[in-house]
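Residue numbers (mature numbering (1 follows the signal peptide of the UniProt record, and there is no 0)): -21 to -1, 1 to 197.
Remarks on the structure that follows.
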Amino acid sequence: MRNLLILLLFGIIPAAHTAKADSNAAGEFHYYILSLSWSPNWCLREGDDRDSPQCEPRADEETKLGWILHGLWPQFEEGWPQYCQTAHRPPSRADTAKMADIMGTSGLAWYQWKKHGTCAGKPSDSYFSMAREAYDSINRPEVLRKLPRTVKLPARVVEEAFLEANPQLTSDMITITCKAGQIQEARICLTKTLEPRTCGMDVLRDCTQDDALMAPLR
């Protein structure tokens, strides 16, 4: 496996969800999806045109953004709730700013709270704390942080790298998505207590591209 990754990363070409369910009652859902976005690809598709601070080059290797937290999404066995009515107060600017280290920007944290966090049935600080815990529970493959240049590779190799770095996961607990010919996200299914679990059938739709683009960290 490791030799295959090395060959792919250094020798190859340089270079969705289903509709939501009807119920939008806060706290009524079955499991979570931890969505990790490959930040360099998002910057190529959208972020650079927006002049997003997420896409600014960083000199310190430790602060370069790779797999960022896109969100922690309440999910039904089929479909998902969104924009739920909640009695909990929205997060403050300070609360969302604290999430920028793993989410890229405070704006993404605010948007994720409105669309998904309101459905978790928790105060915003508890939701963000749980999202950070979920993010920290998954090892992001080190080999993917060492891309020397933009490469094209099979999406299945990205999934295999996650499985190798996280022995607690099986292939029916994670899916890799693509967008515009690029690796987009790794989506990992977790119980309400953040234990890995099998994904619903509507989530298990792996990207099948053999030449998905993956840009290096910035």
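A virtual CB, placed ideally from N, CA and C, is assigned to each residue, including glycine.
*For glutamine 147, count neighbouring Cβ atoms within 10 angstroms of its own Cβ and tell me buried if that reaches 16, exposed if not.*
exposed
_Own chain partners of arginine 135 with C-beta closer than 6 angstroms, once the 5 adjacent residues on each side are dropped_ = none
*CB contact flag (serine 105, histidine 49, <8 angstroms)*: no
*Three-state secondary structure (DSSP) at isoleucine 81?*
helix
*Counting only the same chain and skipping the five closest in sequence on each side, list residues whose C-beta sits under 8 angstroms from that of glycine -11.*
Residue confidence for glycine -11 is low, a pLDDT of 44 falling below 50, so the modelled location carries little weight; the figure read from the coordinates is stated next. None.
*asked:* Please report the straight-line C-alpha distance between lysine 113 and isoleucine 153, rounded to a whole angstrom.
replied: According to the sequence provided, residue 113 is alanine. The question's lysine does not apply to it. Rounded to whole angstroms, alanine 113 to isoleucine 153 spans 14 angstroms at the Cα level.
*Would you list the one or two residues that DSSP bridges to isoleucine 167?*
Leu13, Ile153
*Would you report the Cα separation of serine 116 and alanine 110, rounded to the nearest angstrom?*
10 angstroms
*Output the distance between the C-alpha atoms of alanine 76 and phenylalanine 107, rounded to the nearest integer angstrom.*
11 angstroms
*Ordered along the chain, which non-local residues of its own chain (more than five positions away) have a Cβ less than 7 angstroms from that of phenylalanine 141?*
Pro120, Leu148, Ile153, Ala165
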